[in-house]
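Peer 1: The structure is given below, and queries will be raised subsequently.
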Amino acid sequence: MKCADCGRELDPSGVFPGGSVKCTCGRDVPVPRDLTDSPLSASPYRRPAARPAAPAPPSPRPKPDADAGSPCPSCNRPMAHQILNGYPVAWCDRGHGVFVDADVLQSMIDEVARTQQHPEPGPFQAPSSLGHAPVRYVRCPTCSEVMDRRVFGGASGVLVDVCTHGTWFDAGELEQALAFASAGRMPAARKEPAPVVRGVDAARAALDVSLMSEMRREQQNVERSTGLVEEALYTIQWLLGMPVPPHRRS
Numbered sequence: 000m001k002c003a004d005c006g007r008e009l010d011p012s013g014v015f016p017g018g019s020v021k022c023t024c025g026r027d028v029p030v031p032r033d034l035t036d037s038p039l040s041a042s043p044y045r046r047p048a049a050r051p052a053a054p055a056p057p058s059p060r061p062k063p064d065a066d067a068g069s070p071c072p073s074c075n076r077p078m079a080h081q082i083l084n085g086y087p088v089a090w091c092d093r094g095h096g097v098f099v100d101a102d103v104l105q106s107m108i109d110e111v112a113r114t115q116q117h118p119e120p121g122p123f124q125a126p127s128s129l130g131h132a133p134v135r136y137v138r139c140p141t142c143s144e145v146m147d148r149r150v151f152g153g154a155s156g157v158l159v160d161v162c163t164h165g166t167w168f169d170a171g172e173l174e175q176a177l178a179f180a181s182a183g184r185m186p187a188a189r190k191e192p193a194p195v196v197r198g199v200d201a202a203r204a205a206l207d208v209s210l211m212s213e214m215r216r217e218q219q220n221v222e223r224s225t226g227l228v229e230e231a232l233y234t235i236q237w238l239l240g241m242p243v244p245p246h247r248r249s
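Just so you know, numbering that gives the first Met the number 0 puts 189 at position 190 of the sequence shown, and the rest follows in order with no gaps.
Here it is, written out as structure tokens:
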């Protein structure tokens, strides 16, 4: 093979097809993929190409759910089958609500939980209030039974409709729920299952309790961080020979 710039003959021995050979003129000349390797040589002008890494096997995805085409729990229009971030869901094109099969939702939660970078729960901005919208009970598109209303995760402030077949999220609620899970809040939520909410007053009360629980967790995290900073400062003062409060002396 020859250099395209200066025409010099180049020896591709020892270079994998797809790699490159550096000519003395400075040009990197790619080795054609139809060339076979010749015996290895000690020439300094060859740069072997790295072997491509084997592609990772695709992650298994849940099978498409059977709820596409079923009536929307909110408006009774037939829902459409959609793929959301690789997961099958039933979606209402009118109100933009989403019905997620129970197994699919668990896979979503597991995936976003794996992306959490810190062992401690991160910050999460819970919805501030339920507002004045009327609370309606909707039916499961799979079994047609009235679904239970629960605060997602017990402390997210996101009020969703739940059945054994899946969960109905009004517009924007699925994103809020997954943000709650990605903040590392689900392990604590699993220890305290979310109670069933019945009635408008109960729904608002459940959200208030949810928000209070979230505020307590944030306060505990702040207090724990503040305590660690104080201990570090007292240690530095002690090492420098500065006065330390009596209750901090060891």
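No residue lacks a Cβ here, since even glycine has one placed at the ideal position from N, Cα and C.
It should be emphasised that the depicted structure is a prediction, and the values quoted were computed from it without experimental measurement.
From G183, D100, W90, pick the residue whose C-alpha is nearest to that of C142; which is it?
Peer 2: D100
Peer 1: Going by DSSP, which residues form a beta bridge with Y86?
Peer 2: L83
Peer 1: Output the distance between the C-alpha atoms of H164 and P72, rounded to the nearest integer angstrom.
Peer 2: 13 Å
Peer 1: Would you kindly report the start and end of the unbroken alpha helix (DSSP H) that includes V134?
Peer 2: Secondary structure note for V134: it is in no alpha helix (DSSP H), with a DSSP letter that is neither H nor E.
Peer 1: Spatial neighbours of C2 within its chain, please: CB distance less than 7 Å, with the 5 preceding and 5 following residues excluded, ordered by chain position.
Peer 2: Closer than 7 Å at the Cβ level, and outside the excluded window around C2, lie L9, C22, C24, R26, V28.
Peer 1: For the alpha helix (DSSP H) holding V103, just list the boundary residues, first then last.
Peer 2: 101–113
Peer 1: Helix, strand or coil for S19, going by three-state DSSP, please let me know.
Peer 2: strand
Peer 1: What are the boundary residues of the alpha helix (DSSP H) that includes F179?
Peer 2: 172–181
Peer 1: By alpha-carbon positions, which one of S155, L177, V157, T166 ends up nearest to M146?
Peer 2: T166
Peer 1: Of the choices R7, L177, M0, whose alpha-carbon is the least far from that of L104?
Peer 2: L177
Peer 1: Ends of the beta strand (DSSP E) at V157?
Peer 2: Counting along the chain, V157 falls outside any beta strand (DSSP E), and DSSP gives it neither H nor E.
Peer 1: Find the nearest neighbour of C139 within the set F168, L227, A180, judged by alpha-carbon distance.
Peer 2: F168
Peer 1: How would you label E229, buried or exposed, when you count the other beta carbons within 10 angstroms and need 16 or more for buried?
Peer 2: exposed
Peer 1: Use the C-beta contact count for I108: other C-beta atoms within 10 angstroms, 16 or more gives buried, fewer gives exposed.
Peer 2: buried
Peer 1: Nearest to L83 by CA position, among Q236, I235, A180, L173, is which residue?
Peer 2: L173
Peer 1: Reducing DSSP to helix, strand and coil, say where G6 ends up.
Peer 2: coil
Peer 1: For the beta strand (DSSP E) that P29 lies in, which residues bound it at each end?
Peer 2: P29 -> beta strand (DSSP E) spans 27–29.
Peer 1: Taking the CB atoms as reference points, tell me whether V111 and S181 lie closer together than 8 Å.
Peer 2: yes
Peer 1: Using the three-state DSSP reduction, which class does T141 fall into: helix, strand or coil?
Peer 2: Coil at T141, not helix or strand.
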